[in-house]
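The block underneath contains the structure these notes are about, expressed in structure tokens.
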Amino acid sequence: MGGDKALMTVGGVDLAERVATALLGIADPVWVAGPLPIHGLEAVADPGRGPLVALVAAWQRLTAQGHKGSVLLAACDLPFVTSEFFGFLVDNLGDADAVCPVADGRDQPLAACYAPAALRQAQHLLEEGEDSMRSLLAAIRVRRIPESEWQVVAPAVALMDVDTPEELAAARRIAARERTI
-12 MGGDKALMTV
-2 GGVDLAERVA
8 TALLGIADPV
18 WVAGPLPIHG
28 LEAVADPGRG
38 PLVALVAAWQ
48 RLTAQGHKGS
58 VLLAACDLPF
68 VTSEFFGFLV
78 DNLGDADAVC
88 PVADGRDQPL
98 AACYAPAALR
108 QAQHLLEEGE
118 DSMRSLLAAI
128 RVRRIPESEW
138 QVVAPAVALM
148 DVDTPEELAA
158 ARRIAARERT
168 I
């Protein structure tokens, strides 16, 4: 992508701030996994080994501070995710270990809600040398939310991620179009 994806802008707002704003509407605290704080959000050390390692690091820090509940995980490259979407995930966790939306027929584990049992399993997987989010989903009870359900509370582009310059350009076009409506 040619730079820090979290700081690339869509609609005049960088990606990290867009996601943080959506999370702050439903969660407290909100942290950034990485070496430096962004937008006043505290950073949780991330050794750069992927999202499962970052999830476990954040969960361990939360539990050290007395948190006993679920954890929302969100990648920084979701420019159109909303607080309503995250609230919908939390509301649908029920007795599952995780609630994971599905988009284009694929699980979206980087925009999901994880119960303590899932987080303990994630830690166990890391101890066994496994660091895949897909392995975590395979090892726990997951409530999968199809697009037909989550799109009732969020726009169809809510889980659009920005991994390439072309996707960034497309997100910018969508944001520009939304401003003119």
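Residue 0 in the working numbering sits at position 13 of the sequence shown, and the numbers go up by one each step.
Each residue gets a CB set at the ideal place from its N, CA and C atoms; glycine is no exception.
Can you give me the start and stop residues for the beta strand (DSSP E) that residue i sits inside?
i           : result
residue 59  : 58 to 61
residue 130 : 129 to 132
For the candidate residues the options, whose alpha-carbon lies nearest to that of residue i?
i           : options             : result
residue 91  : 54, 64 and 132      : 132
residue 0   : 15, 13 and 25       : 25
residue 146 : 72, 51 and 86       : 72
residue 140 : 96, 79, 114 and 161 : 79
residue 130 : 40, 77, 157 and 9   : 77
residue 115 : 16, 39 and 164      : 39
residue 98  : 43, -9 and 10       : 10
residue 17  : 63, 120 and 148     : 63
residue -11 : 157, 158 and 152    : 152
According to DSSP, residue i sits in a beta bridge with which residue or residues?
i          : result
residue 93 : 90
residue 20 : 31
residue 0  : -3
residue 25 : 28
Can you list, in chain order, the residues of its chain whose CB lies under 8 Å from that of residue i, leaving out five sequence neighbours each side?
i           : result
residue 142 : 67 and 69
residue -6  : 1, 2, 3 and 25
residue 89  : 95, 131, 132, 133 and 134
Classify residue i as helix, strand or coil using the three-state DSSP reduction.
i           : result
residue 146 : coil
residue 31  : strand
residue 83  : coil
residue 168 : Caution is warranted here: a pLDDT of 41 is assigned to residue 168, below 50, making its placement in the model unreliable, and the coordinate value is therefore given only provisionally. In the structure shown, residue 168 sits in coil (DSSP, three-state: anything other than H, G, I, E or B).
residue 13  : coil
residue 138 : coil
residue 54  : coil
residue 151 : coil
residue 114 : helix
Where does the unbroken alpha helix (DSSP H) through residue i begin, and where does it stop?
i           : result
residue 102 : Careful: residue 102 lies outside any alpha helix (DSSP H) and carries neither H nor E.
residue 70  : 70 to 78
residue 65  : Where residue 65 is concerned, there is no enclosing alpha helix (DSSP H), given that its DSSP letter is neither H nor E.
residue 47  : 38 to 51
residue 125 : 120 to 126
Can you name, in chain order, every residue of its own chain whose Cβ lies under 6 Å from the Cβ of residue i, other than the five neighbours on each side?
i           : result
residue 4   : 26
residue 59  : 14, 73 and 100
residue 106 : 46
residue 104 : 84
residue 29  : 18
residue 110 : 43
residue 126 : 108
Here's a check: name, in chain order, each residue in its chain whose Cβ is nearer than 7 Å to the Cβ of residue i, leaving out the five neighbours to either side.
i           : result
residue 122 : 112
residue 144 : 67 and 161
residue 150 : 64
residue 198 : As shown, the chain starts at -12 and ends at 168. That puts residue 198 outside it, with no answer to give.
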